[in-house]
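Notes for the one structure printed next.
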Amino acid sequence: MSGRITITWAEVDRRLEQAHNYWICTASPLGGPHAMPVWGVWVDGRLWFSTGAGTVKARDLAADPRVAVHLESAAELVALRGTASAVPDGERPAAVDSAYAAKYVLPRSGGPGSIGMGGSPVYAVMPVTGHSWFEGAFPETMTRWRFDGPGREPVPQEISYQG
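The opening residue of the sequence shown carries number -16 in the working numbering; numbering runs sequentially from there.
Written out as structure tokens, the structure reads:
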């Protein structure tokens, strides 16, 4: 594509780390979509978040672990698709807990946030594909990302926009 403007993985990775809210999109057992914002942290190439055990998100993920994740901005888009799995407390990297506590302050108490508060399950989203672009340079910045596994940098793929 001529006039292509490259978005680097480092830029996308920075946006994922710095985001405050992440929109988690699940599907019900009957196929209905469900989208809700959550707090989370991007650590070791995965998004970590928690939700109450009885929530629609948790019920949907128990039936179908496929998930879409979208950052708040559509002007500087980052959207991922992948699989979410519940991670027991003892199997979660310590970096997840420390990143979460450093990032979030509880509104009422002013204390540090704690992922999995009140025994809520903690999920890790392993991305499979993603998209990113800058609205002000659309479609030149459109990039599809393919994830080939943990610890490996995603592979960029150009998208042909037919508008």
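From the three backbone atoms N, C-alpha and C, an ideal C-beta is built for every residue, glycine too.
Original post:
Hey, isoleucine -10 and serine 115 are a contact pair by Cβ (cut 8 Å); roughly how many whole angstroms apart?
Top reply: 5 Å
Subject >> Check: proline 48 C-beta below 7 Å from any heavy atom of the ligand SAH >> reply: The ligand content of the structure shown is nil, which means the ligand SAH is not present either.
Original post:
Rounded to a whole number of angstroms, what is the C-alpha to C-alpha distance between glycine 94 and alanine 120?
Top reply: 40 Å
Original post:
From what residue to what residue does the alpha helix (DSSP H) around leucine 30 run?
Top reply: Run containing leucine 30: none in the alpha helix (DSSP H); it sits in the beta strand (DSSP E), 29 to 33.
Original post:
When DSSP builds the beta bridges, which residues end up paired with glycine 113?
Top reply: Leu63 and Trp128
Original post:
Going by other Cβ atoms of all chains shown within 10 Å of its Cβ, with 16 needed for buried, is arginine 29 buried or exposed?
Top reply: buried
Original post:
How many whole angstroms separate the CB atoms of tryptophan 31 and valine 24, which I take to be in contact at a CB cut-off of 8 Å?
Top reply: 5 Å
**OP:** Kindly confirm or deny that the region -8 to 12 and the region 50 to 58 touch, where touching means at least three C-beta pairs closer than 8 Å.
**Re:** yes
Original post:
Using the beta-carbon count (16 or more within 10 Å), is serine 143 buried or exposed?
Top reply: exposed
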